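Participant:
Residue numbers (the UniProt record's numbering): 1 to 122.
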């Protein structure tokens, strides 16, 4: 059963990503995953050099067999760290205070949206 398949990946820096988890209602056992892209953003900002580990497993009740025919790891990024110039080293500087206020406002807005969403559902 395709819905009993799970795929996990670990980056060279040890970041674990679930690329595909069990889906109990997905019982399409004939088609499988033909050229399906799976992706993660969990390793953004990490150095991609090293060994990547891909784990594929079945988590269903009945014993099953399958074949991984092909997989490709495609990485996107920049040669140098894109935000290196924005690192704030003096936490009392105007830039640091401005960024802190901006983040606090964004957090307040996100919390307010979440609360409204929860209240509207009830």
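Think of the CB as a built atom: it goes at the ideal place given N, C-alpha and C, for glycine as much as any other residue. Remember, it's a predicted structure, so these values are computed and weren't measured experimentally.
For residue 5, count neighbouring Cβ atoms within 10 angstroms of its own Cβ and tell me buried if that reaches 16, exposed if not.
Facilitator: Under this definition residue 5 is a buried residue.
Participant: Pull up the distance between the alpha-carbon of residue 79 and that of residue 111, whole angstroms please.
Facilitator: Cα to Cα, the separation comes out at about 36 Å.
Participant: How long is the line joining the alpha carbons of residue 10 and residue 44, rounded to whole angstroms?
Facilitator: Their backbone Cα atoms lie some 13 Å apart in a straight line.
Participant: Tell me which same chain residues have a C-beta within less than 6 Å of the C-beta of residue 54, skipping the five on either side of it?
Facilitator: Counting only Cβ-Cβ distances below 6 Å, and skipping sequence neighbours, we find 9.
Participant: Once DSSP output is grouped into helix, strand and coil, what is the label at residue 109?
Facilitator: Note: residue 109 maps to helix in three-state DSSP.
Participant: Would DSSP call residue 80 helix, strand or coil?
Facilitator: DSSP places residue 80 in coil when its eight states are reduced to three.
Participant: I'd like to know whether the C-beta atoms of residue 20 and residue 40 end up nearer to each other than 8 Å.
Facilitator: Not a contact, by the Cβ cut-off of 8 Å.
Participant: Cα separation between residue 66 and residue 42?
Facilitator: When rounded, the distance between both Cα atoms is 27 Å.
Participant: Taking only the alpha-carbon atoms, compute the straight-line gap between residue 148 and residue 105 and give it to the nearest angstrom.
Facilitator: Residue 148 cannot be examined here, being either before or after the span of the chain that is shown, 1 to 122.
Participant: So, at 8 Å on beta carbons, what are the nonlocal neighbours of residue 75 in its own chain, with the 5 sequence-adjacent residues on each side left out?
Facilitator: Hits under 8 Å: 48.
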